[in-house]
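Take the position in the sequence shown, starting the count at 1, then add 225; the result is the number in the numbering used here.
Notes follow once the structure below has been shown.
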Amino acid sequence: MNTEINKLEPKEVWANFSKLNEVPRPSKKEEKVIEFMLDFGKSLGLETFKDKIGNVIIRKPASEGMEGKKMVTLQSHLDMVHQKNNDTVFDFDTEGIQMYHADGWVKAKGTTLGADNGMGVAAIMALLESDQIAHPPLEALFTIDEETGMTGAFNLEKGILKGDVLLNLDTEEDDEIDIGCAGGIDVTASRTYNVKEGGHGDEGIQITVSGLRGGHSGMDIHKGYGNANKIMNRLLYLGLDFNMRISSLEGGSLRNAIPRESVCKLNIGRKHAKKFIKRINKLSDTIKSELRVQEPNLEISLSEIKPAKKVMGLGSQEKLIKAIYAASNGVYAMSAAMDDLVETSNNIAKVEVKDGRIRVACLTRSSVDTAKLDLANSLRSAFELGGFNVTFSGAYPGWNPNPDSEILSVAKTTYSDLFKEEPRVVACHAGLECGILGEKYPEMDMISFGPTIKGAHSPDERVSVVSVQKFWNFLLEILKRTS
Numbered sequence: 226m227n228t229e230i231n232k233l234e235p236k237e238v239w240a241n242f243s244k245l246n247e248v249p250r251p252s253k254k255e256e257k258v259i260e261f262m263l264d265f266g267k268s269l270g271l272e273t274f275k276d277k278i279g280n281v282i283i284r285k286p287a288s289e290g291m292e293g294k295k296m297v298t299l300q301s302h303l304d305m306v307h308q309k310n311n312d313t314v315f316d317f318d319t320e321g322i323q324m325y326h327a328d329g330w331v332k333a334k335g336t337t338l339g340a341d342n343g344m345g346v347a348a349i350m351a352l353l354e355s356d357q358i359a360h361p362p363l364e365a366l367f368t369i370d371e372e373t374g375m376t377g378a379f380n381l382e383k384g385i386l387k388g389d390v391l392l393n394l395d396t397e398e399d400d401e402i403d404i405g406c407a408g409g410i411d412v413t414a415s416r417t418y419n420v421k422e423g424g425h426g427d428e429g430i431q432i433t434v435s436g437l438r439g440g441h442s443g444m445d446i447h448k449g450y451g452n453a454n455k456i457m458n459r460l461l462y463l464g465l466d467f468n469m470r471i472s473s474l475e476g477g478s479l480r481n482a483i484p485r486e487s488v489c490k491l492n493i494g495r496k497h498a499k500k501f502i503k504r505i506n507k508l509s510d511t512i513k514s515e516l517r518v519q520e521p522n523l524e525i526s527l528s529e530i531k532p533a534k535k536v537m538g539l540g541s542q543e544k545l546i547k548a549i550y551a552a553s554n555g556v557y558a559m560s561a562a563m564d565d566l567v568e569t570s571n572n573i574a575k576v577e578v579k580d581g582r583i584r585v586a587c588l589t590r591s592s593v594d595t596a597k598l599d600l601a602n603s604l605r606s607a608f609e610l611g612g613f614n615v616t617f618s619g620a621y622p623g624w625n626p627n628p629d630s631e632i633l634s635v636a637k638t639t640y641s642d643l644f645k646e647e648p649r650v651v652a653c654h655a656g657l658e659c660g661i662l663g664e665k666y667p668e669m670d671m672i673s674f675g676p677t678i679k680g681a682h683s684p685d686e687r688v689s690v691v692s693v694q695k696f697w698n699f700l701l702e703i704l705k706r707t708s
């Protein structure tokens with residue numbers, strides 16, 4: 226257990242976060258954290274069970290004098306995004322997150338931290354185990370697989386929850402109260418290609434794009450960060466004039482993370498190699514200059530490798546490169562309803578070329594369902610023109626804001642009283658589970674809030690210590706004031 230982290234305030238929250246981060250909890254591999262949470266609830270003597278899909282529900286009676294108040298459902302997800310730096314040796318399936326405190330932030334050593342959504346989980350755990358905190362009847366809902374499909378929320382049975390109010394603790398700015406979010410859909414383009422023999426006079430080259438910030442493909446999409454797949458594709462486009470032949474290409478990892486790295490191995494005829502390398506270096510300098518503010522650590526490197534025996538056919542290669550060039554990436558439209566809110570976006574998250582198969586994975590988001598489908602169809606068109614088979618999957622709804630919400634009114638007044646300023650009431654360009662839960666429980670009044678977390682879904686993820694204190698005080702006071 227991390228003794229340095231456990232000394233931070235509020236101790237009860239940080240202690241539970243440390244315990245949680247000792248348990249491996251990658252999306253779709255939550256068996257260990259499910260058992261951890263079941264053991265936690267049962268050890269407190271509370272009603273504790275999991276549903277058919279693996280969500281964990283724990284209920285706690287009201288503290289003395291608050292029995293007549295509405296039951297509050299506290300909700301966070303158990304899984305976390307697993308990303309690490311290339312030079313970090315770490316096994317997410319077996320190791321606990323290695324944390325440290327520096328300059329007012331808690332961070333992880335070369336990996337994602339899991340503050341998204343571990344801080345929410347830890348706060349709920351602290352409430353469940355306390356016998357000193359005043360609270361109404363509580364119901365804790367710990368969902369699974371939020372990050373890669375929202376499987377837990379989608380498969381939650383109707384009628385299993387008893388709460389009247391839902392507090393989702395998965396927002397990442399401590400001065401915000403969230404009342405709406407974007408929906409999303411996975412767009413996947415795939416095709417095969419003819420494998421050809423590499424030329425006997427070829428040289429082998431590896432192009433590596435690295436050092437990008439990455440980040441959350443919803444919350445950070447408007448910041449202009451570089452997308453490793455788009456940068457690599459821009460470089461490869463030059464190769465169409467030089468009889469370049471791709472042997473393999475791998476960029477990005479998760480749909481909900483802006484890709485930070487891409488590696489392409491290729492063959493090129495010896496007579497073209499020098500000019501091709503010169504052109505690539507010149508374009509690399511241009512790209513780094515364009516992104517010098519957003520991506521000061523961007524690296525584009527070329528290295529000599531052994532020429533590949535098998536390469537992609539020229540026709541398939543041209544269609545791949547032109548399809549990715551045509552496919553929209555980043556902000557597609559801003560909201561007309563709310564200032565400074567991204568309405569619709571796409572993240573070209575992962576590109577794989579290997580052994581005769583190509584796969585491109587995207588995550589398209591929008592707070593307007595029709596706009597989400599419009600952009601998805603635009604992507605479908607670009608890839609189908611390149612001979613790809615395109616599928617849509619994993620669609621989830623947005624969360625429609627309710628500015629007249631009773632719990633929103635309570636939260637706004639509470640925030641103003643505690644912090645002597647008005648909170649920002651917002652909708653976010655990320656996939657909160659509130660949209661799905663709201664469809665299943667339309668009468669449940671809900672808001673979302675949380676501590677300040679930066680760099681989510683990347684190894685730069687960090688959580689502000691002061692904001693955790695603020696978040697905790699805000700949560701406790703809301704519970705006291707809930708009618």
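Beta carbons are placed, not taken as given, at the ideal position from N, Cα and C, and that holds for glycine.
Between the segment 281-297 and the segment 232-246, do three or more beta carbon pairs fall short of 8 Å? Here the segment 281-297 makes no contact with the segment 232-246; the two share fewer than three CB pairs at distances below 8 Å.
* Asked: When the Cα atoms are used, what is the spatial distance from D370 to S514?
  -> The alpha-carbon separation between D370 and S514 amounts to approximately 39 Å.
Checklist entry - Less than 8 Å separating the beta-carbons of L657 and S634? => result Taking 8 Å as the cut-off, the Cβ atoms of L657 and S634 do not count as close.
If we ignore side chains and look at the alpha-carbon of each, how far apart do I519 and A333 end up?
For the sequence presented, residue 519 should be read as Gln rather than Ile. Their backbone Cα atoms lie some 22 Å apart in a straight line.
query = Using the beta-carbon count (16 or more within 10 Å), is G440 buried or exposed?
reply = So G440 ends up on the buried side.
Practice prompt. Note down the Cα distance separating D565 from E422, rounded to an integer number of angstroms.
Written response: C-alpha separation (whole angstroms): 51 Å.
- Query: Going along the chain, which unbroken runs of the alpha helix (DSSP H) with 4 or more residues stay wholly within the segment 234-270?
  - Reply: The qualifying runs are 236-245 and 256-268.
Q. What did DSSP end up calling Q542 once you bin it into helix, strand or coil?
A. In this structure, Q542 counts as helix in the three-state DSSP scheme.
L338 and M324 - do their beta-carbons sit closer together than 8 Å?
Taking a C-beta distance under 8 Å as the contact criterion, M324 and L338 qualify as a contact pair.
### Message
Can you tell me whether H447 is helix, strand or coil according to DSSP?
### Response
In this structure, H447 counts as helix in the three-state DSSP scheme.
- Query: Ends of the beta strand (DSSP E) at V420?
  - Reply: V420 -> beta strand (DSSP E) spans V420 to E422.
* Proximity winner among V693, I322 and V331, relative to G675 (alpha-carbon distances) -> The option with the nearest alpha carbon to G675 is V693.
*For G279, I'd like the list of residues in its chain whose CB is within less than 6 Å of its CB, leaving aside the five on either flank, ordered along the chain.*
I259 and I369, listed in sequence order.
Ignoring anything shorter than 4 residues or poking outside the segment 561-612, list the alpha helix (DSSP H) runs there in chain order. Listed in chain order, the complete alpha helix (DSSP H) runs (minimum 4 residues) inside the segment 561-612 are 594-609.
| said: Suppose the cutoff is 6 Å on Cβ atoms and the five residues either side in sequence are ignored; what does the same chain contact list for M671 look like? | reply: Around M671: L391 and C659.
Beta-carbon within less than 6 Å of G329's beta-carbon, same chain only, minus the 5 sequence neighbours each way: which residues are those? The residues are V690.
> In angstroms, rounded to a whole number, what distance separates the CA positions of K535 and G426?
Replying inline: C-alpha of K535 to C-alpha of G426: approximately 14 Å in a straight line.
In this structure, does DSSP put I530 in helix, strand or coil?
Strand, per DSSP.
For A551, I'd like the list of residues in its chain whose CB is within less than 6 Å of its CB, leaving aside the five on either flank, ordered along the chain.
Closer than 6 Å at the Cβ level, and outside the excluded window around A551, lie A607.
Discussion item. Can you tell me which residues form a DSSP beta bridge with N614?
Written reply: Answer by DSSP bridge pairing, in chain order: S415.
Less than 8 Å between C-beta atoms, sequence neighbours within five positions excluded: which residues of the same chain meet that for N614? Within its own chain, the residues whose Cβ lies closer than 8 Å to the Cβ of N614, once the five positions on either side in sequence are excluded, are A414, S415 and R416, listed in chain order.
Checklist line | Closest Cα partner of R649 within the set K448, A601 and T396 | finding: Nearest option by C-alpha distance: T396.
> So what does D427 bridge to, in DSSP terms?
Replying inline: In DSSP, D427 forms a bridge with G494.
Q.
As a quick exercise: from S560, E524 and T373, pick the residue whose alpha carbon is nearest that of Q592.
A. The question names Gln, yet the displayed sequence has Ser at residue 592. Of the candidates S560, E524 and T373, the one whose C-alpha sits nearest the C-alpha of S592 is S560.
Inset, instruction - For my contact list, I483 and N458 are in at a C-beta cut-off of 8 Å; report their separation, rounded to the angstrom. - result: Between I483 and N458, the beta carbon gap of about 15 Å keeps them out of contact (Cβ cut-off 8 Å).
### Query
Who are I230's beta bridge partners in DSSP?
Its beta-bridge partners do not exist; DSSP assigns none.
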